Amino acid sequence: MTAAAIETDRSRDYVTIMRCAEGEDLLDGAIPQLAAWLREKDFDVDLSESGDYEDVRASLTVRRIDNDSTTVRIELQEDGGNTGRWSTEVIADGSTDEGGWISLSVRNSQARFVKVPRLARYLMQALPLRDGQLEFASGHQLFGSASVDRLVSILEDDRRHGLVFVAGTNNAADIPVDAFARKVDQWAREVYGLAQVIVLDPHSTEVFRQRVGDQLAAPVWAIRSYQPGVNWDDALDARRHRILGTRSLGSKGDRAIQYLLGEIARQQASTRPPDATVQRMRRRYDRLENRRLVKSLETSQPEDATEPSVHEASSPEEAAATAPPQHDEAITLVRRVLGLKEITERTLTEFVSRIRRSDPERAGVRSLENRVDLLQTRVEQLEDQNQQLLDELQDSQLETELARIDVDEIRDRARWLESRLNESGDYESQYLDVPPEFRVSRPQSFDELLDRIDQIDSVCFTGETSEVVRLNQLDTNDSALRTAWDAVLAMADYARARAESKWDGSLDQYLHNTPSGFQTFPPGKFGETETGRTMKQFGDERVFPVPTDVDPRGQVEMKAHFKLARIGMASPRMHIFDGHPAISTLFIGYLGYHLTNTHTN
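Sequential numbering from 1 applies to the sequence shown in UniProt numbering.
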């Protein structure tokens with residue numbers, strides 16, 4: 001089963017996260033829109049305080065956190081009859097350092113297609129809401145050649161939640177750009193708030209193609225959906241960014257294209273890993289709601305089935321009359337506080353009995369509260385584990401696809417070489433066994449990998465061996481081990497090529513254009529640097545030891561890294577420093593679990 005198949009039941013929901021730089025003022029602008037939307041639903045309520053409300057076919061809960069005026073959660077459940085139950089959740093928070101955000105989700109119990117909600121339009125029209133670097137717009141945005149740099153920055157932004165649909169144009173076809181842009185607006189009607197839509201004029205389409213290459217360019221008279229975090233240096237990354245071609249656009253009706261683009265946007269939004277900030281706030285509300293429900297059980301007063309008895313010897317008035325006058329006020333106070341109509345031996349005995357019975361009840365409430373907290377924690381853990389498994393499944397599928405591509409390329413090259421042998425009259429070689437010296441001898445563990453590295457003069461490991469050994473437990477199928485050894489062999493041959501004056505470029509250039517007869521490595525699995533945001537926040541983690549003849553400080557930043565395997569958040573990495581041309585050695589400063597970046601926990 002594929003990850004997409006697992007997520008199919010969620011792919012028609014409307015799920016979006018809208019961010020606002022004006023965090024402190026977010027609720028001031030959002031509350032009026034929320035109130036107006038609720039009035040359309042026949043709920044005219046005060047959103048400044050928590051409350052529960054019901055209508056004939058709908059129920060509404062409003063939750064505010066005590067002493068925190070920057071956040072609100074609203075949940076609306078509507079009975080749609082034959083169309084199923086419609087659930088809307090809104091969480092708004094203006095307290096984060098990077099501004100505020102609004103999470104809006106609308107789901108249907110029958111997995112019906114959820115159209116763009118009116119509330120989403122209200123919020124985006126009233127507030128400067130954005131996804132990543134691009135503000136939400138009700139229609140397309142036309143980019144000229146001066147905006148290509150901005151487009152590249154928008155597409156490579158890994159903080160984006162939704163897609164960016166980009167449509168290219170040219171001057172060859174007899175199609176006015178303005179008319180095509182209006183048609184794109186019509187097709188993209190159901191992606192408002194889920195994705196951004198950009199139309200490139202003919203000049204910018206060509207400039208963009210020259211900038212990013214044919215594999216990742218936006219085809220003319222087509223629509224390409226760009227996932228967050230486009231990797232321009234990896235041609236294989238193009239497989240993530242799907243194209244709705246001219247033939248498909250021309251063969252489908254406008255309504256069909258609307259729903260197709262809408263479902264593409266909804267599937268991506270629903271299957272993308274949940275935003276950590278939103279997840280934390282949602283769980284905070286869930287726990288507060290659990291405690292509120294338990295508290296309501298504790299504070300509810302049990303009805304006393306025993307009618308207060310009347311003492312035969314005297315009435316309450318007679319008892320009061322015989323009491324000392326100075327005690328009248330005290331007796332009245334005791335009766336009122338204890339809820340007694342009279343003070344007699346029997347009523348006091350019954351009152352004490354009720355208190356004794358309530359002790360186990362209070363203990364039961366405490367046990368229930370602890371149990372609810374425990375179950376809530378377990379639910380959150382299972383949610384995280386489920387998401388991690390989905391991520392690992394997607395990563396595994398991608399790794400498998402990349403392996404298939406490598407196998408296809410090897411088979412193609414083998415057939416070509418066999419044909420060359422046949423042309424030269426060598427019909428025997430293709431049937432002979434591969435000589436031992438051409439077979440790759442692989443280490444059986446990461447411990448052995450370090451031993452092998454010690455035998456290579458041009459590659460030196462300077463990191464912590466304890467981090468490396470941990471990978472033996474993580475890398476159960478040796479995928480990271482195989483890749484690490486391939487990377488070491490490629491570095492060794494890169495150094496050999498430089499020593500033999502057959503290469504004088506960088507390691508990254510070498511991997512993209514490996515000389516004949518030298519070991520290579522998939523360029524898409526090598527990163528020459530880290531993002532500026534990662535280095536700003538976590539750059540200290542990427543400083544590793546080197547000999548003092550490399551740097552007098554005995555350490556350097558190692559941004560370059562090999563991506564060894566996709567294993568969830570732990571996906572192993574090998575960080576290296578190339579000493580060329582000053583020193584003919586490559587240094588491995590770190591080999592272990594993925595270091596902290598903007599995506600790791």
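By construction, the Cβ of each residue, glycine as well, lies at the ideal position given by its N, Cα and C atoms. This structure is a prediction, so every number in the text was calculated from the model and none was measured.
Along the chain, where does the alpha helix (DSSP H) containing residue i start, and where does it finish?
i: residue 455; result: From DSSP, residue 455 is part of no alpha helix (DSSP H); its letter is neither H nor E.
i: residue 569; result: From DSSP, residue 569 is part of no alpha helix (DSSP H); its letter is neither H nor E.
i: residue 468; result: 465-469
i: residue 341; result: Run containing residue 341: none; DSSP gives neither H nor E here.
i: residue 133; result: Residue 133 -> no alpha helix (DSSP H), and no H or E assigned at all.
i: residue 263; result: 254-271
i: residue 148; result: 148-156
i: residue 538; result: 532-538
Which residue's Cα is closest to the Cα of residue i: the options?
i: residue 67; options: 85, 53, 48; result: 48
i: residue 456; options: 488, 464, 473, 472; result: 488
i: residue 469; options: 529, 50, 270, 590; result: 590
i: residue 19; options: 379, 134, 567, 174; result: 134
i: residue 558; options: 566, 552, 544; result: 544
i: residue 241; options: 247, 257, 253, 219; result: 219
i: residue 261; options: 232, 239, 184; result: 184
i: residue 472; options: 116, 447, 345, 495; result: 447
i: residue 508; options: 580, 596, 191, 546; result: 580
i: residue 289; options: 555, 46, 51, 538; result: 51
i: residue 243; options: 111, 214, 229; result: 214
i: residue 269; options: 548, 560, 16, 113; result: 16
i: residue 87; options: 96, 231, 74; result: 74
i: residue 123; options: 112, 63, 109, 36; result: 36
i: residue 105; options: 519, 583, 117; result: 117
i: residue 575; options: 584, 564, 582; result: 564
i: residue 100; options: 401, 25, 203; result: 25
i: residue 462; options: 204, 378, 578, 521; result: 578
Tell me which residue opens and which closes the beta strand (DSSP E) that residue i is part of.
i: residue 251; result: Counting along the chain, residue 251 falls outside any beta strand (DSSP E), though it belongs to the alpha helix (DSSP H) covering 246-251.
i: residue 86; result: 85-93
i: residue 575; result: 573-578
i: residue 431; result: From DSSP, residue 431 is part of no beta strand (DSSP E); its letter is neither H nor E.
i: residue 78; result: 68-79
i: residue 440; result: Note, residue 440: premise wrong, no beta strand (DSSP E); not H, not E.
i: residue 104; result: 100-108
i: residue 590; result: 586-592
i: residue 519; result: From DSSP, residue 519 is part of no beta strand (DSSP E); its letter is neither H nor E.
i: residue 142; result: 141-143
i: residue 459; result: 459-461
i: residue 528; result: Counting along the chain, residue 528 falls outside any beta strand (DSSP E), and DSSP gives it neither H nor E.
Under the rule that 16 or more other beta-carbon atoms within 10 Å means buried, what is residue i, buried or exposed?
i: residue 306; result: Confidence is the limiting factor: at residue 306 the pLDDT is only 45, short of 50, which leaves the residue's position unreliable, though a coordinate-based value still follows. Exposed is the call here.
i: residue 503; result: buried
i: residue 69; result: exposed
i: residue 389; result: exposed
i: residue 436; result: exposed
i: residue 217; result: buried
i: residue 536; result: exposed
i: residue 12; result: buried
i: residue 516; result: exposed
i: residue 333; result: exposed
i: residue 14; result: buried
i: residue 29; result: buried
i: residue 253; result: exposed
i: residue 33; result: buried
i: residue 21; result: exposed
i: residue 405; result: exposed
i: residue 412; result: exposed
i: residue 144; result: exposed
i: residue 302; result: For residue 302, the predicted structure reports a pLDDT of 49, less than 50, and the residue's modelled location is therefore unreliable. The matter cannot be settled from this model.
i: residue 136; result: buried
i: residue 431; result: exposed
i: residue 102; result: buried
i: residue 304; result: Since pLDDT at residue 304 reaches only 48, below the 50 mark, its modelled position is unreliable, and no value is offered.
With 7 Å set as the bound, which would you pick, yes or no: does the beta-carbon of residue i sit closer than that to a beta-carbon of chain B?
i: residue 421; result: As a matter of chain content, chain B is missing from the structure shown, which is built from one protein chain.
Quiz prompt | Cβ contact check for the region 166-184 and the region 223-234: 3 or more pairs under 8 Å | solution = yes
Practice problem: Would you check if there are 3 or more beta carbon pairs closer than 8 Å linking the region 477-497 to the region 437-454? | Solution: yes
Practice problem: Determine contact between the region 187-202 and the region 126-140, defined as no fewer than three beta-carbon pairs at a distance below 8 Å. | Solution: yes
Quiz item: Quick one: any contact between the region 255-271 and the region 72-85, if contact means 3 or more CB pairs under 8 Å?
Solution: no
Exercise. Give a yes or no on contact between the region 488-502 and the region 201-215, applying the rule of three or more CB pairs nearer than 8 Å.
Key: no
Self-check item: Continuous beta strand (DSSP E) assignments of at least 3 residues falling wholly in the region 160-232
Solution: 163-167, 195-200, 223-226
Exercise. Only counting runs of 4 or more residues, tell me where the alpha helix (DSSP H) segments fall wholly within the region 491-516, in order along the chain.
Key: 507-512
Self-check item: Given 8 Å, three or more beta-carbon pairs between the region 141-160 and the region 49-62
Solution: no
Quiz prompt | Contiguous beta strand (DSSP E) assignments of at least 3 residues, all confined to the region 15-57 | solution = 51-54
Quiz item: Using 8 Å as the threshold, is the region 177-192 in touch with the region 152-160, meaning 3 or more CB pairs across them?
Solution: no
Quiz item: In chain order, which alpha helix (DSSP H) runs of at least 4 residues are fully inside the region 391-429?
Solution: none
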